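Structure, as structure tokens:
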Amino acid sequence: MPRKRQSTKTRIVKAAWSLFYKNGYSKTTIEDIIAASKTSKGSFYHYFKGKESLLNTLSYLFDEKYEELTTVIDPDLSAYDKLLFLNHELFYMIETSVDISLLAYLYSSQLITKDKKSLADKKRFYFKWTTEIIKEGLDRGEFKDTSTPEELMGIYAMYERALLYDWALFKGKFSLTAYSDRLLPHVLDTFVKGV
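Position one of the sequence shown corresponds to residue 0 (numbering that gives the first Met the number 0), numbered consecutively onward.
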């Protein structure tokens, strides 16, 4: 399958978050982001009002990672194993390329914003694809049908948000990926037994 070309917006978001991680948010300038994304000032301002507006794009970055994973995930894996794989890959990306203080800022801002809460937006690719995987698990009998796909997705998303919140709260004192690799099977076992 040919790799789809990155959009200008995606290039800007990825460049910004890479620079935030390497140099810190305050030391990263709009000019740095424009240069790293190989775009123009006009293109930058077409998509974003300023550097601050990039802070709410972290969920967009997560969705981009999930879209990349659609090309490498083994379609023959069980729904259980697909969820383990996706969580591992996303959390590894977060742990190795997202500034923890910016993650903390995003989580705190989601609690008080009057704008759309990007982390809870059910239109995101993350919610759509993961719900499809959970539905597949229910249809195949891997997960007990005591809950709807949407209810199980709510639990899965809550688990991920909670672990990310704790990781940020404790300033990365533990490995996000390793901790989730140990805990997520217990959550998914409840899907198997029925919630």
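Where is the CB? At the ideal position from N, CA and C, for every residue including glycine.
Bear in mind the structure is a predicted one, so any value in this text is a computation, not a measurement.
For L162 versus F90, is the C-beta distance shorter than 9 Å? Reading the sequence shown from its first residue, position 163 is the one you call residue 162. Reading the sequence shown from its first residue, position 91 is the one you call residue 90. Yes, these two residues count as a Cβ contact at 9 Å.
8 Å CB neighbourhood of F124 in its chain, flanking five on each side removed: By 1-based counting over the sequence shown, the position of residue 124 is 125. Excluding positions up to five away in sequence, the list reads D62, Y65 and E66.
Status (buried if at least 16 other CB within 10 Å, exposed otherwise) for A167: In the sequence shown, residue 167 corresponds to position 168, counting from 1. Buried is the call here.
Just to confirm my understanding: we take G193, look at its own chain, exclude 5 residues before and 5 after, and list those with CB closer than 6 Å. What are they? Within the sequence shown, residue 193 is the residue found at index 194, counting from 1. Here the set comprises K143 and T145.
Which word fits Y44, buried or exposed, when buried means at least 16 other C-beta atoms lie within 10 angstroms of its C-beta? Numbered from 1 along the sequence shown, position 45 holds the residue referred to as residue 44. When all chains shown are included, Y44 counts as exposed.
Counting along the chain, where does the alpha helix (DSSP H) carrying D138 start and finish? Within the sequence shown, the letter at position 139 stands for residue 138. Counting along the chain, the alpha helix (DSSP H) containing D138 begins and ends at F124 to D138.
Residue from Y59, Y79 and L85 with nearest C-alpha to T70: Taking the first residue of the sequence shown as position 1, residue 70 is located at position 71. Measuring from the Cα of T70, the nearest candidate turns out to be L85.
When DSSP labels each residue in this structure, what does I24 get in the three-state scheme? Your numbering for residue 24 matches position 25 in the sequence shown. Checking the displayed sequence, the identity of residue 24 turns out to be Tyr instead of Ile. Assigned with DSSP and collapsed to three states, Y24 falls in coil, not helix or strand.
Taking only the alpha-carbon atoms, compute the straight-line gap between K172 and R181 and give it to the nearest angstrom. As a first step, residue 172 is located in the sequence shown; it is residue number 173 there, counting from the start. As a first step, residue 181 is located in the sequence shown; it is residue number 182 there, counting from the start. Taking the straight line joining both Cα atoms gives about 16 Å.
Reference F126; option with closest CA among I72, E159, L54 and F190: As a first step, residue 126 is located in the sequence shown; it is residue number 127 there, counting from the start. That would be E159, whose Cα lies nearest to the Cα of F126.
With a Cβ-Cβ cutoff of 9 Å, do Y24 and K50 count as a contact? Residue numbering aside, residue 24 sits at position 25 when the sequence shown is read from its first letter. Residue numbering aside, residue 50 sits at position 51 when the sequence shown is read from its first letter. Yes, Cβ-Cβ distance for Y24 and K50 is below 9 Å.
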